[in-house]
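*Asks:*
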Amino acid sequence: MSWQEYVDSNLVGTGKVSKAAIFGLDGSCWAISKDLSIVQADIQTLIAAFDNPKEIQEKGIHLDSKKYVHLRSDAKSIYGRLGSEGVTCVKTKRAVLVGLYADGMQAGTSTVVVEALGDYLSARDY
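Here the working numbering is used: the first residue of the sequence shown is 13, the next is one more, and so on.
Put into structure tokens, the structure is as follows:
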């Protein structure tokens with residue numbers, strides 16, 4: 013399965029995630045939804061936040077021309093919200109998954125989908 017298929021089928025294709033992307037830990041884009049735009053500086057900030065979340069705690073999580081409020085984070089996951097929309101980011105051994113959910117989608121079910129793919133990839137050394 014290609015990285016784009018993971019985004020299109022395993023994330024967005026579930027109907028629980030509206031837009032998604034997979035980035036390498038170096039910030040390179042492996043796959044992204046066609047209607048999602050994430051600038052390099054924002055993904056670099058996000059990747060760094062897994063080790064030190066101070067910047068996103070103070071300034072928010074900037075993705076797809078929106079600013080999500082940082083809700084919580086740890087070494088594996090980062091969660092943000094903007095009104096009824098939100099984002100779940102999961103770090104694996106070699107990648108960062110970004111899953112956004114739109115108005116009308118459930119945060120909890122979206123998070124489960126993104127984290128399940130993260131666990132699957134981590135178990136396969138990705």
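Every residue gets a Cβ at the ideal spot worked out from N, C-alpha and C, and that includes glycine.
Please classify S122 as buried or exposed, where buried requires at least 16 other C-beta atoms within 10 Å of its C-beta.
*Replies:* Counting from one through the sequence shown, the residue named residue 122 turns up at place 110. Buried, because 16 or more other Cβ atoms sit within 10 Å of the Cβ of S122.
*Asks:* Quick one: is C101 buried, meaning 16 or more other Cβ sit within 10 Å of its Cβ, or exposed?
*Replies:* For the purposes of this step, residue 101 is taken as the residue at position 89 of the sequence shown. With 16 or more other Cβ atoms within 10 Å, it is buried.
*Asks:* So, under 8 Å CB-CB, L48 and A107 are touching, yes? Tell me the CB distance rounded to an integer number of Å.
*Replies:* For the purposes of this step, residue 48 is taken as residue 36 along the sequence shown, with counting starting at 1. For the purposes of this step, residue 107 is taken as residue 95 along the sequence shown, with counting starting at 1. Not really, about 16 Å apart at Cβ, beyond 8 Å.
*Asks:* If we count the other Cβ atoms within 10 Å of its Cβ and call it buried at 16 or more, is V29 buried or exposed?
*Replies:* Residue 29 sits at position 17 when you count from the first residue of the sequence shown. Result: buried.
*Asks:* Alpha carbon to alpha carbon, what distance is there between L109 and G27?
*Replies:* Against the sequence shown, residue 27 aligns to sequence position 15. Against the sequence shown, residue 109 aligns to sequence position 97. Those two C-alpha atoms are separated by around 16 Å.
*Asks:* Would you mind working out which of D63, L83, A87 and G98 sits nearest G130, comparing C-alpha positions?
*Replies:* Numbered from its first residue, the sequence shown carries residue 130 at position 118. Here the closest residue by C-alpha is A87.
*Asks:* Looking at the secondary structure, which residues open and close the beta strand (DSSP E) in which K31 lies?
*Replies:* Reading the sequence shown from its first residue, position 19 is the one you call residue 31. Per DSSP, K31 belongs to the beta strand (DSSP E) from K31 to G36.
*Asks:* What's the gap between the Cα of F35 and the Cα of R136?
*Replies:* Against the sequence shown, residue 35 aligns to sequence position 23. Against the sequence shown, residue 136 aligns to sequence position 124. The alpha-carbon atoms of F35 and R136 are separated by roughly 16 Å.
*Asks:* Skipping 5 residues on each side, what residues in its chain have a beta carbon closer than 6 Å to that of K79?
*Replies:* In the sequence shown, residue 79 corresponds to position 67, counting from 1. Excluding positions up to five away in sequence, the list reads G72.
*Asks:* Which residue from D76, S77 and T57 puts its Cα closest to that of E70?
*Replies:* The count along the sequence shown starts at 1 and reaches residue 70 at position 58. E70 has its Cα closest to that of T57, out of D76, S77 and T57.
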